[in-house]
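In the working numbering, the protein residues as written are 8 to 120. Quick notes on the structure that follows.
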DNA sequence: ATAGTGACATCGG
DNA sequence: GCCGATGCCACTA
């Protein structure tokens, strides 16, 4: 299928993020069965700029910090988008991150649970 | 084929 | 509890 590429797999999962929720790079990495490729998830997100169907602004690091905001239109666009969805963001950090955190469906076949 | 890089995560001091 | 260093894997040059 299309998800033969690592990037596309990341996009598929990222698109599953519910509106007003956030997730982490590591969570996505695990969801696609590449728990140790969290860095690549962010890398894939960078390429997602060509695909506006990927809500990269809903993906943050494990502490809820908007590390990738610098890659957006250069300003607080990422924060604005999150706040627009009801996510409180203060100082580039997601508030209630633990509550808003959404765990993507783990592909059980890819990873041992 | 090798080397360098990166929007993370984890361990150690 | 905070800061520094290391590991990790896929992509690009």
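C-beta: ideal position from N, C-alpha, C; glycine also. Only a predicted model underlies this, so the values are computations on that prediction, with no experimental measurement involved.
On the DSSP bridge assignment, give the partners of residue i in chain order.
| i | result |
| --- | --- |
| residue 108 | 29 |
| residue 101 | 96 |
| residue 72 | 100 |
| residue 67 | 31 |
Which whole-angstrom value is the C-beta distance of residue i and residue j, which I expect to be below 8 Å?
| i | j | result |
| --- | --- | --- |
| residue 69 | residue 30 | Not really, about 10 Å apart at Cβ, beyond 8 Å. |
When we look at the beta-carbon of residue i and count the other beta-carbons within 10 Å, is it buried (16 or more) or exposed?
| i | result |
| --- | --- |
| residue 95 | exposed |
| residue 91 | exposed |
| residue 16 | buried |
| residue 22 | exposed |
| residue 46 | exposed |
Please list the terminal residues of the continuous alpha helix (DSSP H) segment that includes residue i.
| i | result |
| --- | --- |
| residue 87 | 84 to 91 |
| residue 20 | 13 to 21 |
| residue 49 | 45 to 54 |
(message) Does the contact criterion of 3 or more C-beta pairs under 8 Å hold for the segment 72 to 83 versus the segment 96 to 108?
(response) yes
(request) Check whether the segment 55 to 64 touches the segment 102 to 113, taking contact to mean three or more Cβ pairs, one atom from each stretch, closer than 8 Å. (result) no
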